[in-house]
Structures are given as structure tokens and as C-alpha cells.
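Accompanying notes for the structure given below.
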């Protein structure tokens, strides 16, 4: 719904603002479209930006995002690969360095129930997260899919391996987590689309469920100017009841974006 990908191989997104929908926590496989079933060929999505402020010390912001869906021989299945790198450099010092790489095998919205395995590597120097490795799978269940709206429910299990550095030294966190997620997307008008996704993650160990949980919500409204231009506004909220590193329990972000489809 949000991305008209049919008949297009390469999409160049010109972003301004933030990438909050992929900046928080470990919940990164956010579906931003509901027309995957219409894909006829593989495609690339590319985004890059470089900002430089002249002060006593030069401040440079670098951001790169690459996404690819590679269609497979089995109808309706594809491999989604995503990579993001963000850095802020002040003079010769690196203030921020974060990014992730994810590979995901998924159904393109053609089946009632499908498997959704993934593997991911992530780091965030500002938080003190040296590395985060995730691997697991979800069962993706279609609740409804009608003209102009759809909804999917996910239930899965993943392994989490994290290493954090801070004032108390190095902390390692290795455990299995259960993942619940709900996606709802609807076409408000012919030109305006809305998507919302909510994730709830708890430890597999039942004695930790009451205090070691994470909740993430992402919402976006997209206005389609014409066949090639779109503008959007997104808001996300992430709550981690037992955070590691130098981060708050509650974080939120919002951003405006401008998109050009080629």
C-alpha cells in the first residue's frame, strides 16, 4: 500500500529527519507496505545522507540504508536483506557509531500462515552495546487482507546474545525470548495510508516475565503526491523495563521523510 513497487527495480529514498523505525531496540523487521503480493521482480531500496556543520570542530553526520528483496523460485517467497549505518563525527572524534544487518526469509502476503525466520547483527556505541546477535523465527498469521487494509499477527522465538560495556565493565546477556507482534495497515483515503505495528517481547524463562519485558510501537502516515513522490510522518515508542547500558527505560522518536520512487 505505501510503496508501489510493481514495475520498479530501484527505489531511491531521500530522507530528512530520523530513521526512528529502525533505530530502537532489536525490533527491526517492520513491514512498511501491504502490496508485497504484487511484486513481479526483485528490487533495491537505497538511501544515503551526509551533513556537515562548520563550528570550532567540524561535525559530520553520515547515514546509509540499503534494502533488497530477492524473489525466490517458490511463488510468494523472498529474501529480505537490510543494512543501516549511522555515524556522527566531531573533529577527529567519533561521537556516535551504530548500525545493523538483517537477513529475513518471508512470505509476501500470499499465505494465511507462513514461517518468518531471520538473523541479525547490531551495534550501538552511544548506548555501550558492543554487539547484539539475534536469530529466530516467527509464525506469521494473516488475520484479514481486504481491498485497502490488512492485518497480521506474529508469534515467535529468538535467541539473543548481547555484549555491553560501561562503568561496571563488560556485561553479557544471553537468553531466549518470545516475540508477539501485531500489524494493521489501512488506506484512509485514495492518497493517504496508515500502518501501525506493536511488538511485545518477554523472556522464555517464566520467572523473568514480570520484570524483563520490552514493548515497541511504530506508526506511520504516508501521503502519495503522485506516482513518484511521497511524504510521510512516523512516530515510535520503545519501552525496555530492564535496560542494559546507558539508556533510559522509555524512548521515543518521530520523523518526517520525503521519498522519490524511480
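Residue numbers (the numbering used here): 34 to 295. Glycine included, C-beta positions come from ideal geometry on N, C-alpha and C. All values reported here derive from a predicted model rather than from experimental measurement.
| Query | Result |
| --- | --- |
| CB of residue 152 within 7 Å of CB of residue 138, strictly | no |
| Beta-ladder partner(s) of residue 173, from DSSP | 147, 187 |
| Outcome for residue 216 when other beta-carbon atoms lying within 10 angstroms are tallied against a minimum of 16 | buried |
| Cutoff 6 Å; reference residue 255; Cβ partners in own chain excluding five residues on either side | 35, 226, 263, 265 |
| Residue 161 versus 285, 286, 287, 280, residue with shortest Cα-Cα distance | 280 |
| Own chain residues within Cβ distance below 7 Å of residue 282, not counting five before or after | 272, 273, 274, 276 |
| Residue 224 vs residue 182 beta-carbon contact at 7 Å | no |
| Contact under 7 Å by Cβ, residue 133 with residue 155 | yes |
| Three-state class that DSSP yields for residue 304 in the structure shown | A query on residue 304 cannot be resolved here, the shown segment of the chain reaching from 34 to 295 and no further. |
| Identified DSSP bridge partners for residue 114 | 101, 136 |
| For residue 93, the nearest candidate out of 165, 159, 129 (CA to CA) | 129 |
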